[in-house]
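Note that my numbering gives residue 354 to position 354 of the first sequence, counting from 1, and the numbers run on in steps of one.
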Amino acid sequence: MTEDINSLILQRKDKLAELYEKGINPFPHKFEGKCKSVDLNEEFKSLSNGEESDRQVSFAGRMISRRIMGKVSFSHLKDGWGKVQIYVGKNDLGEENYLFYKRIDIGDFVGVKGKVFKTRTGEITIHVEKLILLAKSLRVLPEKWHGLKDTEIRYRQRYVDLIMNDKAKEIFIIRSRIIKMIRQFLDKRDFLEVETPMMQSVVGGATAKPFGTHHNALNMDLFLRVAPELYLKRLIVGGMERVYELNKNFRNEGISTRHNPEFTMLEIYQSYSDYNEMMEVCEEMIVGITREIFGKLEIEYKGNKIDLSPPWKRKSFFELLQENTGIDFSTVKEKKEMMDIADKLNVKYERETKSHKILDHIFDSFVVPKLVQPVFITDYPKYLSPLAKSREDNSEIVERFELFIGNFELANAYSELNDPIEQKKRMGEQMKAKQKGDQEAQMLDDDYIRALEYGMPPCGGLGIGIDRLIMLLTNSSSIREVILFPQMKKE
RNA sequence: GCGCCAUUAGCUCAAUUGGCAGAGCACUUGACUCUUAAUCAAGGUGUUGAAGGUUCGAUUCCUUCAUGGCGCACCA
1 MTEDINSLIL QRKDKLAELY EKGINPFPHK FEGKCKSVDL NEEFKSLSNG EESDRQVSFA
61 GRMISRRIMG KVSFSHLKDG WGKVQIYVGK NDLGEENYLF YKRIDIGDFV GVKGKVFKTR
121 TGEITIHVEK LILLAKSLRV LPEKWHGLKD TEIRYRQRYV DLIMNDKAKE IFIIRSRIIK
181 MIRQFLDKRD FLEVETPMMQ SVVGGATAKP FGTHHNALNM DLFLRVAPEL YLKRLIVGGM
241 ERVYELNKNF RNEGISTRHN PEFTMLEIYQ SYSDYNEMME VCEEMIVGIT REIFGKLEIE
301 YKGNKIDLSP PWKRKSFFEL LQENTGIDFS TVKEKKEMMD IADKLNVKYE RETKSHKILD
361 HIFDSFVVPK LVQPVFITDY PKYLSPLAKS REDNSEIVER FELFIGNFEL ANAYSELNDP
421 IEQKKRMGEQ MKAKQKGDQE AQMLDDDYIR ALEYGMPPCG GLGIGIDRLI MLLTNSSSIR
481 EVILFPQMKK E
């Protein structure tokens, strides 16, 4: 990064030097007794206009505006919860201190002590008796009215975005609330929160390209996890009946408005249940969160009204395909036939694309654009789901669902495959695909098979993309709006 | 990886067909004892993303590169 120096920064550096010369510490160590802006505004709201209370308060924050009118002045100080106006008068502070106040820059952190009053226009204000500088700011904040709009600066320098754009901050406050609610929801149902390895020597749990790294002391290649799934199911084997993990996954793939290389995933496993029960868990959780945040279940996302009232529709993968293309794909077995259909439907694909990938493309073009209202898509073909259990009545279909809301996938769940022989066979097929160059195919995890050989109870598993859930509930069109520090290229 | 668009003062944005680079906020100085986008007066904002080319002359046209946005692809 180049050091950008401009006249405004130089000016502030001069002011900083001036402070040191005068023996004033521009970066004191602490400030005692600071109260919260929200509490102040609440506690004193019953004052009448022009009335001053006799209680002294301490407050501190970043000075974000100032209006000097000769011998008196108003400023706004912003803290973590909001802002409070301060009134600074020359007669209260004395000549020298008032001059010092006038030398403070917008952006500096300031601490004040004084009595609270309400101005003639009705704003709760601190009548400053004592004022100190708490931290000098050397950089100029963006414009007060238009704020910061440049997306590049907003993402790269999120700290400036958070100072200037209350809406951006609000998203992350909601994000925190949602995550808290998820934990409360699961804790109440006796789920145990666990942490499993993010660095894995065998990648599994999802079909995705991993990031690779190396452990020097062990001289061993490791991968950042693409999913915690196989470790969580080992815990199910171990008798932890209900577990969940809420943390990052890493996938070495393209970046888009819906993809960040590191993203947050919630995975839940419940013994003695299946994918049907996971649908209920999923629905109940998201409905509960939505109700808590909005007080209702109708939300708006990217111009669409979405109704999250339960029960959500359930439709099978092939049923949706047939509805939207008029073709019954469950009988399509040969690649030649799939290619002919794709040509007829005008769906593009590469010559070497596998048959089920072509089907996926057809699904994306014809079905996904219709999936605005919540729908559980059930019963996927087996070849797309190496870790899911087949249906009893049709071994080519697995007990799996994906939840779509607002045209994107939010959740994915299975009745977990617990037959070690069958699992080994399916992982073997994945391994063959990998050897043929399919970088996303999963590895054969011998220890996982060994765990299954000890016996895993029937189990339902559910994964929810947390960033996407937050996008939906904050009406954000890009995943970068809900991740504090999204991945960017080097400046 | 491909395509389209963008990049001008600290920030938000202008700039006629290729003809002296401009405004608001912020900043500096002065005035002002209830302002809140305070007001009034005066003042300087700059490697026009980078490098090269065409031209008497380039913010403007061309090439390459960088970064970002959107779309596609990859991908859930």
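Using N, Cα and C, we set each Cβ at its ideal position, and we do this for glycine too. All figures in this text were calculated on a predicted structure; none of them were measured in a lab.
Check, Outcome
"Who are the Cβ neighbours of T125 in its own chain at under 8 angstroms, not counting the five residues just before and after it?", "F74, V84, Q85, I86, Y87, V116, F117, K118 and T119"
"How about P374 and Q430: do their beta carbons lie closer than 7 angstroms?", "no"
"Please report the distance separating the alpha-carbon of N304 from that of M199.", "40 angstroms"
"Anyone know if the C-beta pair for C492 and I236 falls short of 7 angstroms?", "Residue numbering for the chain in the displayed model covers 1 to 491; residue 492 lies beyond these limits and cannot be assessed."
"Look at the Cβ atom of A411, then the Cβ atom of L403, and state whether they are nearer than 7 angstroms.", "yes"
"Please report the Cβ distance between Q487 and P228, rounded to the nearest whole angstrom; I am assuming they are in contact, meaning their Cβ atoms lie under 8 angstroms.", "Actually they do not touch by this definition, with Cβ atoms about 20 angstroms apart."
"Taking P210 as the reference, give the member of H127, V226 and L308 with the closest Cα.", "V226"
"Assuming G114 contacts Q56 (C-beta within less than 8 angstroms), just tell me the rounded distance between them.", "7 angstroms"
"Could you tell me which residues DSSP pairs with D146 in its beta bridges?", "Looking at the sequence itself, residue 146 is His, so the reference to Asp does not match. H146 is not bridged to any residue."
"State the DSSP-derived secondary structure class of E491, mapped to helix, strand or coil.", "coil"
"Distance check for K30 and L19, CA to CA, integer angstroms please.", "18 angstroms"
"Quick check on the DSSP output: what are the complete beta strand (DSSP E) runs of length 3 or more inside the stretch 231–262, in order along the chain?", "242–250"
"Quick check on this structure: which residue in N346, E323 and K354 has the alpha carbon closest to the alpha carbon of K333?", "K354"
"Under 7 angstroms between the Cβ atoms of V243 and F223?", "no"
"Helix or strand or just coil, what does DSSP make of S75?", "strand"
"At 3 residues or longer, what runs of the beta strand (DSSP E) sit wholly inside the stretch 454–486?", "459–465"
"Could you round the C-beta distance between D105 and K15 to whole angstroms and report it? I think they count as a contact, below 8 angstroms.", "7 angstroms"
"Let me know the secondary structure DSSP gives M443 once reduced to three states.", "coil"
"Look at the Cβ atom of P457, then the Cβ atom of Y159, and state whether they are nearer than 7 angstroms.", "no"
"At 3 residues or longer, and completely inside the stretch 303–340: list those beta strand (DSSP E) runs for me, N to C.", "304–307 and 313–316"
"Are three or more beta carbon pairs between the stretch 443–455 and the stretch 418–426 nearer than 8 angstroms?", "yes"
"Quick check: the Cα distance between G205 and Q442, rounded to an integer number of angstroms?", "8 angstroms"
"Taking 8 angstroms as the cut-off, does the stretch 360–371 touch the stretch 306–323 (at least 3 CB pairs, one atom from each stretch)?", "yes"
"Where does N49 land, buried or exposed, given buried means 16+ other C-beta within 10 angstroms?", "exposed"
"Going by DSSP in three states, H215 sits in which element: helix, strand or coil?", "strand"
"Identify, in the order they occur along the chain, each residue of the same chain with its Cβ nearer than 7 angstroms to the Cβ of A208, setting aside the five sequence neighbours on each side.", "V226, R251, E253 and E440"
"Could you spell out the range, first to last residue, of the beta strand (DSSP E) harbouring L131?", "I124 to A135"
"Nearest-angstrom Cα distance between F27 and L134?", "6 angstroms"
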